[in-house]
Amino acid sequence: MDKQSLFFTCIIAIVSTLLMLMSIQFLAKKLNIKSEQQEKLKLSYTIWLISILTSYFLFLKTALELIENSIEIIIYSKTIENTFLVSMQKITVFIGFTFFFTFASYFIVERILQLSFGKRLDNIEIEKENIGYYLIKGSLLVLLTFSLITIFEHFLQWFMPTVDTPFYH
Numbered sequence: 030m031d032k033q034s035l036f037f038t039c040i041i042a043i044v045s046t047l048l049m050l051m052s053i054q055f056l057a058k059k060l061n062i063k064s065e066q067q068e069k070l071k072l073s074y075t076i077w078l079i080s081i082l083t084s085y086f087l088f089l090k091t092a093l094e095l096i097e098n099s100i101e102i103i104i105y106s107k108t109i110e111n112t113f114l115v116s117m118q119k120i121t122v123f124i125g126f127t128f129f130f131t132f133a134s135y136f137i138v139e140r141i142l143q144l145s146f147g148k149r150l151d152n153i154e155i156e157k158e159n160i161g162y163y164l165i166k167g168s169l170l171v172l173l174t175f176s177l178i179t180i181f182e183h184f185l186q187w188f189m190p191t192v193d194t195p196f197y198h
């Protein structure tokens, strides 16, 4: 493990987590889930938030491992001239797909639950404190994430930098 790649990986984890929290806040406002006047957090909202964050962190763990490996390959490569630019491209691709897979799995779970329970609005369910619904929704999201994680890892490996090894006779 190189100190530079470990340092970049920590910074990436912090910045991407902040971006994810901002995007969840945007999603909550778009769905009209959490009002600004609420003083106390509802338990159903907390379960909703924790399930999305758990899914995100599971995808992020895989992405950070591949980011660290790709940064080490890029740093020690003799053929890459601008290592910072190439590293930022790989980081952007990996974190972007992490966000994509997180929200795609969230919306897949939404559609699966619409087939099972019918059309339910999240703002009404959170207002009614429907904890059982959000426990089912959260556990389904985490289980779907576990099943998608190997596909996600193999997909991200398509974007790993290649290592040129010379062959001598």
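In terms of the working numbering, the sequence shown opens at residue 30 and continues consecutively. Think of the CB as a built atom: it goes at the ideal place given N, C-alpha and C, for glycine as much as any other residue. No experiment lies behind these values; they were computed from the predicted model shown.
Whole-angstrom distance between residue j and residue i, CA atom to CA atom
i	j	result
leucine 89	lysine 166	20 Å
isoleucine 41	isoleucine 120	8 Å
serine 134	leucine 173	7 Å
glutamate 97	serine 106	14 Å
valine 171	leucine 56	18 Å
glutamate 139	leucine 78	14 Å
threonine 46	lysine 148	30 Å
phenylalanine 132	lysine 58	15 Å
threonine 179	isoleucine 81	18 Å
isoleucine 104	valine 44	21 Å
serine 99	glutamine 143	40 Å
phenylalanine 113	isoleucine 153	47 Å
glutamine 118	asparagine 111	11 Å
serine 168	leucine 60	20 Å
lysine 32	serine 145	49 Å
Cβ-Cβ distance between residue i and residue j below 9 Å
i	j	result
phenylalanine 175	phenylalanine 123	no
isoleucine 76	leucine 164	yes
aspartate 151	isoleucine 62	yes
phenylalanine 36	alanine 92	no
isoleucine 155	serine 84	no
leucine 95	leucine 185	yes
phenylalanine 130	phenylalanine 86	no
lysine 71	glutamate 158	yes
leucine 48	phenylalanine 128	yes
isoleucine 109	proline 190	yes
Under the three-state DSSP convention, the category residue i falls into
i	result
tryptophan 77	helix
glutamate 110	coil
tyrosine 207	For the chain, the structure presents residues 30 to 198; residue 207 sits outside this window and is missing.
serine 62	The sequence shown places isoleucine at residue 62, not serine. Note: isoleucine 62 maps to coil in three-state DSSP.
lysine 32	helix
leucine 56	helix
leucine 95	helix
threonine 121	helix
threonine 127	helix
leucine 70	coil
threonine 191	coil
Unbroken alpha helix (DSSP H) runs of length 4 or more, entirely within the segment 137-188: which are they? 151-156, 160-186
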